[in-house]
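Written below as structure tokens is the structure these notes are about.
Residue numbers (our numbering), protein chains in the order written: chain L, 88 to 443; chain W, 19 to 509.
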């Protein structure tokens, strides 16, 4: 027996032949079965209340939308802030109401939008309107770099970026592509607990336009989270600092506003609704007279506090911070009217809505 | 570890067959290829598509493909022109080979060689701190370099004539279906296909798409979705798994590695067939191997055949006695080990397979061969099981991150050492890994002596139809969860 590797009898020159088979007849039923299967699956999940979703803060998606804000005619309204602005404002309604192209650049968590505002101010092509969520902890300069990972993000390769965007588009269209509903996830959960139920998290969603949507069950879950000893928002409240320490930060923010306004753009700061314990905690940590009122005095841009506008005050977040899907259309309409009233924060009209 | 495993240099974003962009790209290429244009223009389109495919990863490295074409095409052309000048031909062959291997070594082992130089100089007391090379390892470098080298060597050997057209040669070196991870083509197979217009028939297109679907299913569903989560847990260097987990994890890795690589090769065969080209098969039911000679005739067939023709046989092959042949086998296996990367673990992987091959031959030459048991099913089953177990032991070195890691895993595997709190795969992970690998093994045993095209002809069309539908649904559902690059791009 000779010692050989790969004797010539297994030469790679072996030719593949297409098996004699009615390939059209083979492929057609297969494709029909695939369409029926995924269609049925999609219908099943949708009937169960599942929405198609993408991961909330995908950097490729953020980059995609960041590139949509530079319009020569400046007919764009950009939303900056946290999950609140992503959740509370319906982009389609806003676009219809203000007749501007709306782009959502908010980022989940207690992330200060000022880093993104600075980026827009530094962008000579940006001439649009910024609706910037404002909440006292977000003024803190130590938070301004929260979004640097997004602002400085550039896709490594065009093909990878395109693939990522196409994948996100597919995920935002089809509910069955939700990874939490994958066969392995379901089988694993079932084998662990002997039963399986729809994960509560699948009841919220992030659309391709980066809007968040909470259904009542998901809101209820979030409300429970907010009540836990270390809630996500309240950790920020524990770091309250005197306003004097924030004053220079406010001045710098206003200088960014001035830059945007000097190009014909506009900025409006918005304090979105809070309720219940969350609102009480906010008021305790940052008494309005000592913080918000002093903040708006330093801003040349209009500032809207939800408590100052009756139409906005009517909406109450049931988890303390996020409006439910039932409320966001009405809230957006009311907010759009208020934003229009203050002239989109452009230089022509700039009236703060603080009335007290 | 003497040399670090070069994963850090591996690109993180490649246009892979399992991506939306590639599907769109392929659709565009197929449409353009089907337009009734002159054959030369269609070949040119394929060449442009191949360069675009590579440029999607890094446009500057397309220059490597062009340079390889110029170097090997030019060398072969001069050899063909001066057919009677033996010395000149030999000198040209040496120069081309050294340049090809030099580029390969510089990119693939540059940092490791500099690190070695630093280590040696340090021990000799010579102060030398080499700079670190920070360029990316071009994906698929060894695959297209080996293809190009085989062309030059074959022309030198007069096995083939120099390519009549630069376009054909450029397409041979950069043909996109096989560009990143093989199968490694030979000019003798490919260039004749470039001489006449190629367009897939309806059957070829249907079969090509079926192969593409099968390859994606192997990669997306079996390798990435089902097996990769298991192996990731076991081969985490910060974890000490128990014996059962190491055995199962290694089995899962064997399945994942096979599905990943064979999945790519199957996709490549399918895509090429849809374009009217035939490329060789790279795997033939390796999980049904009985013995290591059998294994290496079934696993990465085109690389092993390349090594046989361009390393093993030139070293003397089997013609200078058993000892010489054993040394040659060991050299080839060590090279195959090092081909995976400059790490001791890969070297040991190659050494173990060399030892297995030599040991198997010694056993076959001994009286043991005459025992009746080897011809009976139980004997074959025993040999198959031994092959799998020995393979798994070698795989531990293949996927461990360092020698220390490999020894730790092996000592847990054989109960030599114990951990106070060993990691244990969940029952679910154990079940998934064993069932998937078992099904793969059964499928391979059933078609052990038949290639896939022959096996498919044995079943009715509607079975194939159901199989395609199930695979497509599985691909769609599992692709949502993960998308990993092919493991072998880095080689």
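All C-beta atoms, glycine included, are put in the ideal place defined by N, C-alpha and C.
Report the three-state DSSP secondary structure of residue i (helix, strand or coil).
| i | result |
| --- | --- |
| residue 336 of chain W | coil |
| residue 220 of chain L | strand |
| residue 337 of chain L | helix |
| residue 434 of chain L | coil |
| residue 142 of chain W | coil |
| residue 464 of chain W | helix |
| residue 292 of chain L | strand |
| residue 281 of chain L | coil |
| residue 247 of chain L | helix |
| residue 432 of chain W | coil |
| residue 35 of chain W | coil |
| residue 10 of chain W | Nothing in the structure corresponds to residue 10 of chain W, since chain W is present only between 19 and 509. |
| residue 300 of chain L | strand |
| residue 259 of chain W | strand |
| residue 253 of chain W | coil |
| residue 441 of chain W | strand |
| residue 295 of chain W | coil |
| residue 477 of chain W | coil |
| residue 419 of chain W | coil |
| residue 139 of chain L | coil |
| residue 55 of chain W | coil |
| residue 76 of chain W | coil |
| residue 136 of chain W | helix |
| residue 498 of chain W | coil |
Assign residue i to buried or exposed, taking buried as 16 or more other Cβ atoms, counted over all protein chains shown, within 10 Å of its Cβ.
| i | result |
| --- | --- |
| residue 364 of chain W | buried |
| residue 241 of chain L | exposed |
| residue 371 of chain L | exposed |
| residue 77 of chain W | exposed |
| residue 456 of chain W | exposed |
| residue 325 of chain L | Because residue 325 of chain L sits at a pLDDT of 49, beneath the cut-off of 50, its placement in the model cannot be relied upon, and the following sentence gives the value as read from the coordinates. By the neighbour-count rule (16 or more Cβ atoms within 10 Å), residue 325 of chain L is not buried but exposed. |
| residue 361 of chain L | buried |
| residue 212 of chain L | exposed |
Going along chain L, which residues have a C-beta under 7 Å from residue i?
| i | result |
| --- | --- |
| residue 243 of chain W | 271 |
| residue 487 of chain W | 117, 120, 121 |
| residue 482 of chain W | 108, 113 |
Just the Cα atoms here: how many angstroms apart are residue i and residue j?
| i | j | result |
| --- | --- | --- |
| residue 498 of chain W | residue 355 of chain L | 39 Å |
| residue 123 of chain W | residue 121 of chain L | 47 Å |
| residue 321 of chain L | residue 133 of chain L | Note on residue 321 of chain L: pLDDT 49, under 50, position unreliable in the model; the coordinate value appears next. Computed Cα separation, rounded: 34 Å. |
| residue 299 of chain W | residue 406 of chain L | 60 Å |
| residue 283 of chain W | residue 343 of chain W | 30 Å |
| residue 445 of chain W | residue 425 of chain W | 25 Å |
| residue 448 of chain W | residue 131 of chain L | 30 Å |
| residue 264 of chain W | residue 450 of chain W | 15 Å |
| residue 51 of chain W | residue 68 of chain W | 13 Å |
| residue 309 of chain W | residue 466 of chain W | 13 Å |
| residue 382 of chain W | residue 270 of chain W | 30 Å |
| residue 353 of chain W | residue 115 of chain W | 16 Å |
| residue 174 of chain L | residue 232 of chain W | 42 Å |
| residue 188 of chain L | residue 177 of chain L | 12 Å |
Mind pulling the chain L residues with CB within less than 8 Å of residue i?
| i | result |
| --- | --- |
| residue 224 of chain W | 105, 108, 110, 111, 113, 114 |
| residue 475 of chain W | 106, 107, 108 |
| residue 75 of chain W | 244, 246 |
Taking residue i as the query, report the chain W residues whose CB atoms sit under 9 Å from its CB, ordered along the chain.
| i | result |
| --- | --- |
| residue 254 of chain L | 37, 38, 497, 498, 501 |
| residue 292 of chain L | By Cβ distance, chain W contributes nothing, its closest Cβ being about 15 Å from residue 292 of chain L, past 9 Å. |
Under 8 Å Cβ-Cβ, which residues of chain W neighbour residue i?
| i | result |
| --- | --- |
| residue 258 of chain L | 498 |
| residue 142 of chain L | The premise fails here: residue 142 of chain L is roughly 12 Å from chain W at the closest Cβ pair, so nothing lies under 8 Å. |
| residue 139 of chain L | Those do not exist, as residue 139 of chain L stays about 11 Å from chain W at its closest Cβ, beyond 8 Å. |
| residue 239 of chain L | Residues of chain W passing the Cβ test: none, with the nearest at roughly 17 Å. |
Residues of chain W with CB under 7 Å from residue i, in chain order?
| i | result |
| --- | --- |
| residue 250 of chain L | 37, 38, 39 |
| residue 133 of chain L | The premise fails here: residue 133 of chain L is roughly 16 Å from chain W at the closest Cβ pair, so nothing lies under 7 Å. |
| residue 275 of chain L | 446 |
| residue 278 of chain L | 446 |
Please list the partners that residue i has in chain L, where partner means a Cβ-to-Cβ separation under 9 Å.
| i | result |
| --- | --- |
| residue 471 of chain W | 103, 104, 105, 106 |
| message | Please give the ranges of any beta strand (DSSP E) in the stretch 142-218 of chain L, keeping only runs that are unbroken, at least 3 residues long and fully inside the region. | response | Correct list: 163-167, 188-191.
| Enumerated in chain order, which unbroken segments of the alpha helix (DSSP H) with a length of 4 residues or greater are wholly contained in the stretch 99-135 of chain L? | The qualifying runs are 110-134.
| query | Residue ranges of each alpha helix (DSSP H) run of no fewer than 4 residues wholly in the stretch 357-404 of chain W, ordered along the chain? | reply | If we require 4 residues or more, the alpha helix (DSSP H) runs fully inside the stretch 357-404 of chain W come out as 362-383.
| Length at least 3, wholly inside the stretch 334-421 of chain L: the beta strand (DSSP E) runs in chain order | The qualifying runs are 353-358, 390-392.
| field | Contained alpha helix (DSSP H) runs [length at least 4] in the stretch 154-219 of chain W, N- to C-terminal order | value | List check, alpha helix (DSSP H) in window: 159-174, 184-192, 194-197, 205-212.
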